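Student: Residue numbers (my numbering), protein chains in the order written: chain B, 1399 to 1969; chain W, 24 to 199.
Here you go:
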């Protein structure tokens, strides 16, 4: 990869000189298209590169160009050519610019759609001229003719391009006195998607996404003329694992998510940049929450990981965070079954006293590859102190050839580089089981996993001197444990993961943890201080930097280097 | 600063004439029309446009006009309004007005009767009405829920029947 980049950089980029709103600019002759192949730079891309936004509906940088909404019409001028194929010059020596006009009315401009028209040398682009504005207003008026204007009940309101552009380019009053076309509403396209055909502007983004990105040619336009609308082919449903992306790319409120439909208005939601934890791809997401309740995940652009897509399964996998059986209390349990709820300082004190008695070599740690790097680093410090056997529990599932990975743990590689798990995750579990059976292992620490899943039953728990369970959701092991430490879900803390391809990415806190549950790294750090006497950093960025300095794979990457998009490391 | 006091004149110093003029005012009031209102037995009729407590209204077809757009919740300066949106289940009874609030609460202790909710409402579903004396025995009682708000609000139709018109238009085009 690295060599390729340097090659591309060393080659001088061919440029084209154009004039955008009277300012002469140089833009590259080619720009990557939706697949990343170099294609001639279009007017829209050129304007974007020089910071001029051209309104559009059907154009999407990650989809093939369709050019049907006409919203991006701009007035352009080209240098006039003489019969000798040389530019005709004005008296002052500048090239004469000829503007396109309609053949039947030469006083009306003939615009060009910015999304599909390549730039040409000395082209003049007018993004804000009177003619451009006139064309934009006309197109918008035409798109709004049959629009139901039901923004009060539309989920897209607040992030709707139709709303935004009608504020910028629209009119307050409709000139349309006729009856609006009524199209089907609440159309059930698939298990997760509902269509409101009246709101649709027929930009075909959803059709192109499904056909070209997911290779599931499920959608099309049916009927002709006024009543045309998006539909699935007869007898089929729009039910691939990526359908909810069409809700994101729909520029209006036509495609709605059944999960998010009528749940919360978008302007109330607080957004936090996070990472999806449903598989090792680590899709970048934005978490929308209000008053400590998560309402939705949306993909966040990151070309190195997920572009701007994510799978439906990962997107909808957030409801467990608010589940009833969340662990919310610190519990110390005697062997006779008596238990008491305590506060964190008491728990840490008593737990560290008990752990201090553990013989080196008699301790096993089952950590989770869902824990953050910082937490695994602290767990590793504990493990080294006790010379403990450590491992994580693997989670395998289906993969596809787009985003979903078979490894369902978000941080398997983090666990591997930090030495908590091995290339073959779960290989030590059998040894831990054996150690408990033979009585060699007397203390078992389980961080964020349900150990009953790997065959540790009541009889084996009975053989242990000490069982410490930290988890997010309740489990049988948590009911049996001597110490229960309520942990925080990834949405409730900061941290970083290493994804399946070795990219370190950080996630931010979206909501508060319930009850006494606390971010794991905070109490792990206190345990490390009490038990090993080491003093890890007291803040998360500091902890990351400390970990990065001590683990060679991280190559000294600093927390601030991670940015929003993450950094590749050698795994 | 020193204030210069004008000394009393000899007439004022006599005292009796000023006392009599004071009594004249008192006695004249005995024969005037009474203005004291026996509140709370008697109540003021408030003028048109008075900003009393905000209540939800229904239309003449007994439908809750509110569509749960939450603009009032957004605009409310003291954050007195809390709306629970309905969620994705399709409510067939609502017809083409797909959305209605599952719960609508106004905390009358927080409400400052500013009228922003009425002003912002795109459906003309909430109005500041004539109630100005709200009482309750607990804080909870002062949080009015949807049922109570609709009961107190009554019926208020608007001239623009956009949902009915939409339904009619759709029915007319059903066979297109």
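Using N, Cα and C, we set each Cβ at its ideal position, and we do this for glycine too. As the structure is a computational prediction, the values presented were derived from the model and not from experiment.
Check each candidate in B:1594, B:1585, B:1665 and B:1604 and name the one with the smallest Cα separation from residue 98 of chain W.
Tutor: Closest option to residue 98 of chain W, Cα to Cα, is B:1665.
Student: Does any C-beta atom of chain B lie closer than 9 Å to the C-beta of residue 195 of chain W?
Tutor: Taking Cβ atoms only, chain B reaches closer than 9 Å to residue 195 of chain W, which makes this a yes.
Student: Along chain W, which residues have their Cβ under 9 Å away from the Cβ of residue 1584 of chain B?
Tutor: Within chain W, the residues near residue 1584 of chain B are 113 and 121.
Student: In chain W, which residues lie less than 9 Å from residue 1589 of chain B when you measure between Cβ atoms?
Tutor: Correct list: empty, because the minimum Cβ distance to chain W is about 12 Å.
Student: Go ahead and pull the three-state DSSP assignment for residue 1609 of chain B.
Tutor: In this structure, residue 1609 of chain B counts as helix in the three-state DSSP scheme.
Student: Can you give me the start and stop residues for the alpha helix (DSSP H) that residue 1836 of chain B sits inside?
Tutor: Where residue 1836 of chain B is concerned, the enclosing alpha helix (DSSP H) stretches over 1827-1836.
Student: So, for residue 180 of chain W: in the same chain, excluding its five sequence neighbours on each side, which residues have a beta-carbon less than 7 Å away from its beta-carbon?
Tutor: Within the same chain, residue 180 of chain W has close Cβ partners 82 and 83.
Student: Take residue 1629 of chain B as the anchor and find which of B:1464, B:1602, B:1448 and B:1647 has the nearest alpha-carbon.
Tutor: Here the closest residue by C-alpha is B:1602.
Student: Short check: CB of residue 1889 of chain B to CB of residue 1687 of chain B, under 9 Å?
Tutor: It is a contact, given that the beta carbons lie within the stated cut-off.
Student: May I have the straight-line CA-CA distance separating residue 1690 of chain B from residue 95 of chain W, to the nearest angstrom?
Tutor: Using only the alpha carbons, I get a separation of about 21 Å.
Student: With a Cβ-Cβ cutoff of 9 Å, do residue 1650 of chain B and residue 1554 of chain B count as a contact?
Tutor: Taking 9 Å as the Cβ cut-off, residue 1650 of chain B and residue 1554 of chain B qualify as a contacting pair.
Student: Tell me which residues share the same chain as residue 1459 of chain B and place their Cβ nearer than 7 Å to its Cβ, disregarding the 5 neighbours each side in the sequence.
Tutor: So the qualifying residues of the chain are 1432.
Student: From the beta carbon of residue 1565 of chain B, is the nearest beta carbon of chain W less than 9 Å away?
Tutor: So, not an interface residue.
Student: Would residue 1849 of chain B and residue 1761 of chain B be called neighbours here (beta carbons separated by less than 9 Å)?
Tutor: No; because the gap between Cβ atoms is not below 9 Å, this pair is not in contact.
Student: Please say whether residue 1746 of chain B and residue 1562 of chain B have beta carbons closer to each other than 9 Å?
Tutor: Cβ distance not < 9 Å, so residue 1562 of chain B and residue 1746 of chain B don't count as in contact.
Student: I'd like to know whether the C-beta of residue 79 of chain W is nearer than 9 Å to at least one C-beta of chain B.
Tutor: Output row for residue 79 of chain W: interface = no.
Student: Which word fits residue 1533 of chain B, buried or exposed, when buried means at least 16 other C-beta atoms lie within 10 angstroms of its C-beta?
Tutor: With 16 or more other Cβ atoms within 10 Å, it is buried.
Student: Can you grab the Cα-Cα spacing for the pair residue 1402 of chain B / residue 1411 of chain B, in whole Å?
Tutor: Any reading at residue 1402 of chain B must be qualified, since the residue scores a pLDDT of 44, below 50, and its modelled position is unreliable; no value is offered.
Student: Going by DSSP in three states, residue 1457 of chain B sits in which element: helix, strand or coil?
Tutor: Residue state, collapsed to three classes: coil.
Student: Under 8 Å: does the beta carbon of residue 1672 of chain B sit that close to some heavy atom of the ligand GDP?
Tutor: Summarising the ligand content, the structure contains no ligands, and the ligand GDP is consequently not present.
Student: Where does residue 1765 of chain B sit, in a helix, a strand or coil, going by DSSP?
Tutor: Residue 1765 of chain B: strand per DSSP, three-state reduction.
Student: Decide if the segment 1827-1846 of chain B is in contact with the segment 1860-1875 of chain B; the criterion is three or more beta carbon pairs, one per stretch, under 8 Å apart.
Tutor: Output reads yes: the segment 1860-1875 of chain B touches the segment 1827-1846 of chain B.
Student: Report buried or exposed for residue 1678 of chain B, applying the criterion of at least 16 other Cβ atoms within 10 angstroms of its Cβ.
Tutor: It counts as buried.
Student: Residues of the segment 1422-1435 of chain B in Cβ contact with chain W at a cutoff of 7 Å, in chain order, please.
Tutor: Per Cβ criterion, the list is empty.
Student: Assuming residue 103 of chain W and residue 130 of chain W form a contact by the criterion Cβ under 8 Å, report the distance between their Cβ atoms to the nearest whole angstrom.
Tutor: Contact holds; Cβ gap of about 5 Å.
Student: In whole angstroms, give me the CA-to-CA distance for residue 1456 of chain B and residue 101 of chain W.
Tutor: Those two C-alpha atoms are separated by around 41 Å.
Student: Taking the straight line between their C-alpha atoms, what separation do you get for residue 1647 of chain B and residue 1595 of chain B?
Tutor: About 16 Å.
Student: Report the three-state DSSP secondary structure of residue 1526 of chain B (helix, strand or coil).
Tutor: Correct three-state label for residue 1526 of chain B: coil.
Student: Quick check: residue 1914 of chain B and residue 1742 of chain B, are their CB atoms within less than 9 Å of each other?
Tutor: Yes, these two residues count as a Cβ contact at 9 Å.
Student: Note down, in chain order, each residue of its chain lying with its Cβ closer than 8 Å to the Cβ of residue 1970 of chain B, except the 5 sequence neighbours on either side.
Tutor: With chain B covering 1399 to 1969 only, the question about residue 1970 of chain B has no answer from this structure.
Student: Just the Cα atoms here: how many angstroms apart are residue 1942 of chain B and residue 1436 of chain B?
Tutor: Approximately 38 Å, taken between the alpha carbons.
Student: When the Cα of residue 1415 of chain B is compared with those of B:1523, B:1557 and B:1737, which residue comes out closest?
Tutor: Here the closest residue by C-alpha is B:1523.
Student: Three or more C-beta pairs under 8 Å: does that hold for the segment 1555-1574 of chain B against the segment 175-195 of chain W?
Tutor: Verdict: no, contact absent.
Student: Along the segment 1525-1553 of chain B, what residues have a CB closer than 8 Å to any CB found in chain W?
Tutor: Listed by position, the residues of the segment 1525-1553 of chain B near chain W (Cβ gap below 8 Å) are 1546, 1549, 1550 and 1551.
Student: Rounded to whole angstroms, how far is the Cβ of residue 157 of chain W from the Cβ of residue 78 of chain W, which I believe are closer than 8 Å?
Tutor: Incorrect: roughly 11 Å between the Cβ atoms, too far for contact.
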